[in-house]
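Chemist:
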Amino acid sequence: MNARPKKSFGQHFLHDSRYIDRIVSAMAPRATDFVLEIGPGEGALTLPLLAAAGKLTAIELDTDLIPALQARAASVGELQIIHADVLKVDFTALAQRHGIDRLRIAGNLPYYISSPILFHCVEHFGAIADMHFMLQKEVVERMAAEPGSKVYGRLSVMLQLACRVEPLFTVPPEAFRPPPKVESAVVRLVPLAPQDRHDADAGDVYTVVKAAFAQRRKTLNNALKQLMDTDAIRRAGVEPGARAETLAPGDFVRLAKIYGGQ
Ligand code: SAM
Numbered sequence: 381m382n383a384r385p386k387k388s389f390g391q392h393f394l395h396d397s398r399y400i401d402r403i404v405s406a407m408a409p410r411a412t413d414f415v416l417e418i419g420p421g422e423g424a425l426t427l428p429l430l431a432a433a434g435k436l437t438a439i440e441l442d443t444d445l446i447p448a449l450q451a452r453a454a455s456v457g458e459l460q461i462i463h464a465d466v467l468k469v470d471f472t473a474l475a476q477r478h479g480i481d482r483l484r485i486a487g488n489l490p491y492y493i494s495s496p497i498l499f500h501c502v503e504h505f506g507a508i509a510d511m512h513f514m515l516q517k518e519v520v521e522r523m524a525a526e527p528g529s530k531v532y533g534r535l536s537v538m539l540q541l542a543c544r545v546e547p548l549f550t551v552p553p554e555a556f557r558p559p560p561k562v563e564s565a566v567v568r569l570v571p572l573a574p575q576d577r578h579d580a581d582a583g584d585v586y587t588v589v590k591a592a593f594a595q596r597r598k599t600l601n602n603a604l605k606q607l608m609d610t611d612a613i614r615r616a617g618v619e620p621g622a623r624a625e626t627l628a629p630g631d632f633v634r635l636a637k638i639y640g641g642q
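This note's numbering applies: residue 381 is where the sequence shown begins, and numbers increase by one.
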């Protein structure tokens with residue numbers, strides 16, 4: 381153990397047991413759960429999660445870490461390590477292969493690809509029960525931000541339309557080896573039940589949200605010029621002179637429906 385952490389893999393190993401315990405208790409895995417961990421590293425979270433759940437599947441990109449982790453886990457429970465880039469793993473197919481409805485996902489995520497991992501999860505929300513992630517504190521603040529906040533943007537809207545975002549606690553750099561340059565935070569994400577999800581086309585929502593926030597200081601009238609006219613914005617019940625940062629997630633859904641002709 382104690383391999384030299386690799387910067388290129390975003391390796392910051394959690395070593396402070398107080399935070400490890402808090403993550404495990406927040407997730408509270410049970411023997412009936414199918415737990416999937418992203419980036420197990422040296423096993424700081426893997427081993428306690430495995431002890432609680434009895435079995436666990438982990439996805440790790442760094443081959444060098446796998447044999448030692450597999451050996452340490454042998455006396456704790458049944459650990460399956462998939463050697464892959466998490467962005468290439470189809471979570472829905474993984475759940476189906478194991479004959480289970482929904483995965484419970486955990487991870488102290490590699491920060492260099494945390495947003496792509498979040499969007500990858502959103503694509504597979506139908507196969508996910510919940511997620512407990514360590515992320516940069518600033519990313520968690522953006523995810524949970526409300527309209528009108530300086531950090532409210534694309535990530536806030538896209539995630540809040542798809543799941544409940546619950547920031548849990550912050551974690552200082554000293555809790556990791558090596559310490560990252562930024563503060564971290566743990567967040568719980570719970571995908572919305574099908575009846576609570578919006579019924580607009582996901583691609584249309586993405587297009588409208590992206591255009592609306594491309595230039596934050598512009599009014600919607602200007603920002604959405606290529607997509608829809610002033611009347612169409614009004615028909616969505618939105619004030620064309622407003623800025624994207626003041627709109628609630630539901631406003632974007634109505635704009636997307638008008639844009640998509642729904
Ligand atoms: N879970 C460990 C802990 O808390 O100490 C390690 C966390 S470290 C921040 C991120 C982990 O993700 C590393 O083990 C790294 O090798 C792995 N990783 C980086 N990129 C990955 C990718 N694309 N797919 C899967 N794992 C990746």
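For every residue, glycine included, the Cβ atom is placed at its ideal position computed from N, Cα and C.
Is LEU467 buried or exposed, if buried means 16 or more other CB atoms sit within 10 Å of its CB?
Modeler: So LEU467 ends up on the exposed side.
Chemist: Determine whether the beta carbon atoms of ILE508 and PRO409 lie at a separation below 8 Å.
Modeler: Not in contact: ILE508 and PRO409 (Cβ atoms no closer than 8 Å).
Chemist: Work out the CA separation of ARG596 and LEU607 for me, nearest whole Å.
Modeler: So the alpha carbons of these two residues sit roughly 16 Å apart.
Chemist: Excluding the five sequence neighbours on either side, which residues of its own chain have a C-beta within less than 6 Å of the C-beta of ILE638, listed in chain order?
Modeler: If we look at ILE638 and ignore the five residues flanking it on each side, its Cβ neighbours are ALA612, ARG615, ALA616.
Chemist: Are the Cβ atoms of GLU416 and LEU483 separated by less than 8 Å?
Modeler: Before going on, a small fix: residue 416 reads as Leu here, not Glu. Yes. Within cutoff.
Chemist: In its own chain, which residues sit with a C-beta less than 7 Å from the C-beta of LEU430, not counting the 5 before and 5 after it?
Modeler: Around LEU430: LEU436, ALA453, VAL456, GLY457, LEU459.
Chemist: Going by alpha carbons, who is nearest to LEU569 out of MET407, ASP396, HIS392?
Modeler: For LEU569, the nearest C-alpha among the options comes from MET407.
Chemist: Tell me the DSSP secondary structure of VAL566 in three-state form.
Modeler: Residue state, collapsed to three classes: strand.
Chemist: Does the structure place the stretch 621–629 close enough to the stretch 521–531 that three or more beta carbon pairs sit under 8 Å?
Modeler: Yes, the stretch 521–531 touches the stretch 621–629.
Chemist: Would you identify the three-state DSSP class for LYS590, choosing helix, strand or coil?
Modeler: Note: LYS590 maps to helix in three-state DSSP.
Chemist: Is any heavy atom of ligand 1 found at a distance shorter than 7 Å from the C-beta of ASN488?
Modeler: Yes.
Chemist: Taking 7 Å as the cut-off, is the C-beta of GLN642 nearer than that to any heavy atom in ligand 1?
Modeler: False, no ligand heavy atom lies under 7 Å from that Cβ.
Chemist: Quick check on DSSP: helix, strand or coil for PRO559?
Modeler: Reduced to three states, the DSSP call for PRO559 is coil.
Chemist: What beta strand (DSSP E) runs, 3 residues minimum, are completely inside the stretch 501–530?
Modeler: Qualifying beta strand (DSSP E) stretches, in chain order: 508–516.
Chemist: Compare the beta carbon distance of ALA592 and PHE549 with 8 Å and say whether it is the shorter of the two.
Modeler: For ALA592 and PHE549, no; Cβs fall outside 8 Å.
Chemist: Go ahead and pull the three-state DSSP assignment for PRO547.
Modeler: PRO547: strand per DSSP, three-state reduction.
Chemist: Can you tell me whether DSSP reads PHE393 as helix, strand or coil?
Modeler: DSSP places PHE393 in strand when its eight states are reduced to three.
Chemist: Are the CB atoms of GLN450 and ILE461 within a distance shorter than 8 Å?
Modeler: Yes; because the gap between Cβ atoms is below 8 Å, this pair is in contact.
Chemist: Given this structure, state the Cα-to-Cα distance separating GLU554 from ASP401, to the nearest angstrom.
Modeler: For GLU554 and ASP401, the distance between alpha carbons rounds to 16 Å.
Chemist: Taking 7 Å as the cut-off, does the CB of GLN595 come closer than this to any heavy atom belonging to ligand 1?
Modeler: Checking every heavy atom of ligand 1 against the Cβ of GLN595, none is found closer than 7 Å.
Chemist: Between the C-alpha atoms of GLU422 and GLN391, what's the straight-line distance to the nearest angstrom?
Modeler: Distance between the alpha carbons of GLU422 and GLN391: 10 Å.
Chemist: Could you check whether PRO547 and VAL567 sit closer than 8 Å to each other, using their CB atoms as the reference points?
Modeler: Yes, they are a contact pair.
Chemist: For ligand 1, is there any heavy atom lying closer than 7 Å to the beta carbon of ALA424?
Modeler: It does: the Cβ of ALA424 is within 7 Å (strictly closer) of some heavy atom of ligand 1.
Chemist: Nearest CA to the CA of THR587: which residue from GLN540, ALA542, ALA636?
Modeler: It is ALA636 whose Cα lies nearest to the Cα of THR587.
Chemist: So, helix, strand or coil for GLY487, using DSSP?
Modeler: Three-state result, GLY487: strand.
Chemist: Do you know offhand how far VAL585's Cα is from PRO447's?
Modeler: About 43 Å.
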